[in-house]
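S.K.: Chains as they are written, first to last, in this note's numbering: chain P, 1 to 417; chain V, 1 to 494.
Sharing a structure here in structure tokens format.
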Amino acid sequence: MLPTADLTEDLAERVRAAYAAGTPLAIVGGGTKAWLGRPLHGERLDVSGHRGIVSYEPTELTLTARAGTPLAEIEAALAERGQCLAFEPPHFLVKVAQRLSKLPSPASGRGDGGEGLATLGGTVACNLSGPARPYTGACRDFVLGVRLINGRGEVLRFGGEVMKNVAGYDLSRLMAGAQGTLGVLLEVSLKVLPRPPAELTLALELDAAAAVERFNAWAGQPLPITAACHVGERAYVRLSGAEAAVRAARQRLGGEVIEAGAAFWQSVRELEHGFFKAPGVLWRLSLPPAAPVDLKLRQFIDWGGAQRWVVSDAELWDLAAAAGGHATRYHKSRASDSPRSPPPQAGEGLGVREPFMAGTSASMSGGDLSAMNGYRGGRRDRVFQPLNPALLALHRRLKAAFDPKGILNPGRLYPEL
Amino acid sequence: MGGMNQTTPHPRRAELIQGLLAILPADSVLYEPEDLRPYECDGLSAYRALPMVVALPSSVEQVQAVMRLAYRLKVPVVARGAGTGLSGGALPRADGLLLSLARLKSILAIDPIARTARVQPGVRNLAISEAARPYGLYYAPDPSSQIACTIGGNVAENSGGVHCLKYGLTVHNVLKLEVVTVEGERLTLGSDALDAPGYDLLALMTGSEGLLAVVVEATVRLLPLPERAQVLLAAFDDVARAGAAVGAIIAAGIIPAGLEMMDNPAIRAAEAFVQAGYPVEAAAILLVELDGTNAEVSEQVMRVRELLLASGAREVRTARDEAERQLFWKGRKAAFPAVGRISPDYYCMDGTIPRRRLPEVLERIAQLSQAYGLAVANVFHAGDGNLHPLILYDANRPGELERTEELGQRILELCVEVGGTITGEHGVGVEKLAGMCAQFGAAELAQFHAVKAAFDPDGLLNPGKAVPTLHRCAEFGAMHVHGGNPRFPELPRF
């Protein structure tokens, strides 16, 4: 276990200074999801040293930890008491991060600050959830409260450590997926759940369209399903819950029991399954769960049909929108792909120690707001589905409400935020 | 007590009425005092004000046109569903427009494959489950007023229910919202997929008490009806043991669908009212509902029974059949009116606390109760820590109302002190503005106001609710029920 430390005051002071000077900040945790977003420019604000579990009450189903706390440490503490993060957040350890971001190998290994380990803050900031998501909820569903530093350097607390709380706007849940653009996360309180006593994975021979149909039909019945995916010509279904319930469901669903079920779902959660290693751009399509399957695409269907991974060199924005959903480009465009950026210097600011400097302007250390404002990424830099103008305008006003000078991870989600 | 809202009518009243009549049929614009009377309050009837005008649009386009008009004239707008809220969130303003969404009451689509219902905001909560039932599906959040309250109001308040420890609040069960902004623009938040790009505006909108936008359509998630539900009733000689039993059940890895506690005064009142067969000598009872597949429920009933006995329950009963299950619940669901029967008035609090602090909180509430000379009965959504102390008083006795409000405020401060919150499910509205000052500092309140301004720079949507200005931090109010006659006497409240 890494030593714990409360760096609230130091971090707040850094943000206050940046606010005064108008200096953009690039917030860094473990750096494992640095590639999942647009490149960042600005002074590095490392929160990985702000760590430690602040409280864990198994009988209350709540845990509060500092943002820099390694996710693995939290999961280990929960496992000791037979509990878990039910949304199964992916860690994306360094090797996955390297593959997805096409970064060269880091010049140095894991540093003493815990870089290379997924942190709680990064997990919540990215709002990533694993295979259980359609059945147990997303990361954002488990957020009960946060402490954060807003763009003025003020330390604020929203929500709490209780399940039901309707006092004030739900600003804590708003932080999930905001990728640090609204505040620097300091502490997060989460709802945790017991680990199911029994678990079993079944495989069934089905084509993709039949699998999606089956997944949706099953989800409408009282079955203890906690994951359902399809790859190749096989559907995989995980049953979790009371011993008796899992047994009864297994008989009903048929198929073959997969012995290494846990390892299989781990490979899905971490994008380490063979499917994800194919060359080409990896797209995440978030679609209505019963959306028709486009048989022309090479795809991995997860979330019972609601999340479809596609390897394709074509841009899939319009396809996702037409199907009633949205796309995320999981392969970061290479720095060298952008005509306006200097070629990256191998080993210089590109490893896990400087993950957020790996973008188009690695040379822009220090950051400069006017340069930032002049920066507008084109389609190649796009990571997230574009927002319509009215929604984008609202996003900009909301961003300004938290971060009036635009110093917190500017441009991370969209150039305008 | 807040009482009447005495703001003077808006100078542009005539212009507003004329403009509305150009948008809506004559029977959809109300401005005569006798027509306005039914809208003067919501479920928190101690606060009343006649709105300047009531508009009853019946389409999204009409809502947009009404909002554009109000925005142009800078008239405050209070949106209202069924008006069953308990914190005065739908309290009208004498200088404002009351926008009733009651006529937008169509269930637009039930999709049994994708397991969603697309509904207009005026659709009643229970009506969604009724429409989904033929497909073996239901809408999980079940606030006690579910036969009357509407989904638009549920979104505004982030309503919970007895089953929310296991199935979540409104925010966990809404996929997509269509909203109309203060400028009259229509926006889609969320999506038919499980997430959406950009900020989680769906979460921000849920529980925003009508201050950010007007909900004109909601797509909600439907769940399969559980195969079976079973309930156990356990009696305890002290509340600490009952609290510990709840912890033991959860520590054993069981998440009950419902987990309710009542203390002795609440047990006695309920038993006298509905004869549910409760043990009236018990210091506390627990009701534990388990649901799921047949096999799962059978397995868990055995385990929970053992855990309750091991935690010191002096008696554990399992409902023998559906009739007895309903009877066990009847007492709990009748707790509020039962207290209303034994006291001229009562005041319902709605704090949430970390459950482990329950014995200490009940002890301190008992001390406060003695100090103020006012009896308190406690009912508790024990699974999620949501405590409803009911303060018994008589408004006809001089000074007792004021003492009650002071005691209520002390109890809310106590909830915050032990790490909880001033409102678990009833909302802030006008009632808990003072409590907000206890829970949040000036910088947090300023952040709330900045968020509000991002949506509504002129502060026209439900002004004066939910988030207090710093100078209003001294005010507070309450849900008071006189003579056992709450505003919706036919609605269960628990």
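Each residue gets a CB set at the ideal place from its N, CA and C atoms; glycine is no exception.
1. Suppose you measure from the CA of Leu-309/V to the CA of Met-261/V; what does that come to, to the nearest Å?
2. I need the DSSP call for Gly-114/P, collapsed to helix, strand or coil.
3. Which two residues bound the contiguous alpha helix (DSSP H) that contains Trp-317/P?
4. Report the three-state DSSP secondary structure of Ala-93/P (helix, strand or coil).
5. Is DSSP giving Met-261/V helix, strand or coil here?
6. Which residues, in order along the stretch 162–194 of chain P, keep a beta-carbon less than 8 Å from a beta-carbon of chain V?
7. Report yes if the CB atom of Leu-387/V is closer than 8 Å to the CB atom of Phe-380/V, and no otherwise.
8. Spatial neighbours of Leu-223/P within its chain, please: CB distance less than 8 Å, with the 5 preceding and 5 following residues excluded, ordered by chain position.
9. Let me see if you follow: with CB-CB separation under 8 Å, is Asp-384/V close to chain P or not?
10. Any C-beta of chain P within less than 7 Å: which residues of the stretch 172–184 of chain V qualify?
11. Which same chain residues, not among the five before or five after Ile-258/P, have their C-beta less than 8 Å away from its C-beta?
12. With a CB to CB cut of under 6 Å and the five nearest residues on each side skipped, what residues in its chain are close to Ala-245/P?
13. My output table needs one value for Cys-84/P: the three-state DSSP class, helix, strand or coil.
14. Rounded to whole angstroms, what's the CA-CA distance from Val-469/V to Asp-456/V? Just pull it up for me.
15. Quick one: give me the first and last residue of the alpha helix (DSSP H) that Ala-18/P is part of.
16. Taking the continuous alpha helix (DSSP H) assigned at Asp-141/P, which residues delimit it?
17. When the distance is taken between beta carbons, is Ala-242/P closer than 8 Å to Ile-301/P?
18. Using the Cβ count rule (16 or more neighbours within 10 Å means buried), how would you classify Gly-232/P?
19. Under 8 Å between beta-carbons, which chain V residues line up against Trp-265/P? List them in chain order, please.
20. Figure out for me which residue from Leu-295/P, Leu-297/P, His-326/P, Ser-312/P has the closest Cα to the Cα of Ala-306/P.
21. Give me the subset of the stretch 428–441 of chain V whose CB atoms are less than 9 Å from a CB atom of chain P, sorted by chain position.
22. For Pro-112/V and Thr-219/V, what's the separation of their Cα atoms in angstroms?
23. Three Cβ pairs or more, each shorter than 8 Å: is that satisfied between the stretch 225–245 of chain V and the stretch 112–121 of chain V?
24. Could you spell out the range, first to last residue, of the beta strand (DSSP E) harbouring Gly-241/P?
25. Answer yes or no: do Leu-211/V and Lys-452/V have a C-beta to C-beta separation smaller than 8 Å?
26. Looking at the structure shown, is Arg-195/P part of a helix, part of a strand, or coil, going by DSSP?
27. Hey, would you say the C-beta of Leu-97/V is under 7 Å away from at least one heavy atom of the ligand ZN?
28. Is there a C-beta anywhere in chain V that falls below 8 Å from the one on Asp-302/P?
29. Using the beta-carbon count (16 or more within 10 Å), is Leu-201/V buried or exposed?
30. Check the Cβ of Ala-125/P against every Cβ in chain V and list those closer than 7 Å, keeping chain order.
31. Of all the CB atoms in chain P, is at least one closer than 8 Å to the CB of Ala-203/V?
32. Between the Cα of Lys-465/V and those of Gly-88/V, Glu-32/V, Leu-30/V, Leu-24/V, spot the shortest distance and give me the residue it belongs to.
33. Please decide whether Tyr-138/V counts as near chain P, where near means a Cβ-Cβ distance under 8 Å.
34. For chain P, check one thing: does any of its Cβ atoms lie closer than 8 Å to the Cβ of Glu-157/V?
35. How about Asp-141/P: is its C-beta nearer than 8 Å to some C-beta of chain V?
36. With DSSP run on the structure shown, which of helix, strand or coil describes His-395/P?
M.R.: Well, looking at it:
1. Approximately 16 Å, taken between the alpha carbons.
2. At Gly-114/P the pLDDT is 44, less than 50, meaning the model places this residue with poor confidence; the figure from the coordinates comes in the next sentence. Gly-114/P falls in the coil class under three-state DSSP.
3. 317–322
4. Before going on, a small fix: residue 93/P reads as Leu here, not Ala. Three-state result, Leu-93/P: coil.
5. strand
6. Of all residues in the stretch 162–194 of chain P, only Val-162, Met-163, Lys-164, Asn-165, Val-166, Ala-167, Gly-168, Tyr-169, Asp-170, Leu-171, Arg-173, Leu-174, Ala-176, Gly-177, Ala-178, Leu-182, Leu-193, Pro-194 come within less than 8 Å of chain V when Cβ atoms are compared, listed by chain position.
7. yes
8. In the same chain as Leu-223/P, and ignoring 5 residues on each side of it, the C-beta atoms closer than 8 Å to its own belong to Leu-239, Ala-249, Arg-252, Leu-253, in chain order.
9. yes
10. Those residues of the stretch 172–184 of chain V that come within reach of chain P (Cβ to Cβ, closer than 7 Å) are His-172.
11. Thr-201, Leu-202, Ala-203, Tyr-236, Phe-264
12. Closer than 6 Å at Cβ, skipping near neighbours: Pro-224.
13. strand
14. The residue asked about is misnamed: residue 469/V is Thr in this sequence, not Val. Using only the alpha carbons, I get a separation of about 16 Å.
15. 8–21
16. In the DSSP annotation of this structure, the continuous segment of the alpha helix (DSSP H) that includes Asp-141/P starts and ends at 139–142.
17. no
18. Exposed: under 16 other Cβ atoms inside 10 Å.
19. Chain V residues near Trp-265/P: none, gap ~18 Å exceeds 8 Å.
20. His-326/P
21. Val-428, Lys-432, Gly-435, Met-436, Gln-439, Phe-440, Gly-441
22. 13 Å
23. no
24. 234–241
25. yes
26. coil
27. Because no ligand of any kind appears in the structure shown, any question about the ligand ZN cannot be addressed here.
28. no
29. Leu-201/V is buried by the Cβ-count criterion.
30. Within chain V, no residue comes near Ala-125/P; the closest Cβ sits about 12 Å away, beyond 7 Å.
31. yes
32. Gly-88/V
33. Tyr-138/V does not count as touching chain P.
34. Closer than 8 Å to some Cβ of chain P, the Cβ of Glu-157/V qualifies, so yes.
35. yes
36. helix
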